[in-house]
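Notes follow once the structure below has been shown.
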Amino acid sequence: MVSNLTLGVFVMSDQIMSIGMVKELTGLSERQIRYYEEKQLVFPARTKGGSRRYSFEDVKKIQEIHRKLKEGYNTYELKIKSRRQSNVI
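Counting in our numbering, the sequence shown runs from 358 upward without gaps.
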């Protein structure tokens, strides 16, 4: 799991991490991380070459998604919940 200390040197809005780095920091597989994107739960930036780039906020969200799935939520519930939260002003 990622701690604030681990990534404290990075600016939170920077799209700095490759999927491999996120894999190492979270303990998840690249396939799991891509699945969360496929289900529209996380939206990493892309380089001109198409490589994914993740921010600290993306990593925190990936960890939260993983935790919620382990608690029994399904991806549809998480997607709906995320949409509702983003519509709140």
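Ideal placement from N, C-alpha and C gives every residue a C-beta, glycine not left out.
Leu382 is the residue among Met374, Ile373, Leu382 whose C-alpha sits nearest the C-alpha of Gln420. Boundaries of the alpha helix (DSSP H) around Tyr393: 387-395.
Distance from Pro401 to Arg409 at the Cβ level is roughly 4 Å; contact confirmed, criterion being Cβ atoms closer than 8 Å. For Ile390, same chain residues with a beta-carbon under 7 Å away, outside a window of 5 residues either side, are Ile376, Val379, Lys380, Ile419 in chain order. Taking the Cα positions, Gly429 is about 11 Å away from Ile422. Straight across, the Cα-Cα distance linking Ile373 with Ser386 is about 18 Å.
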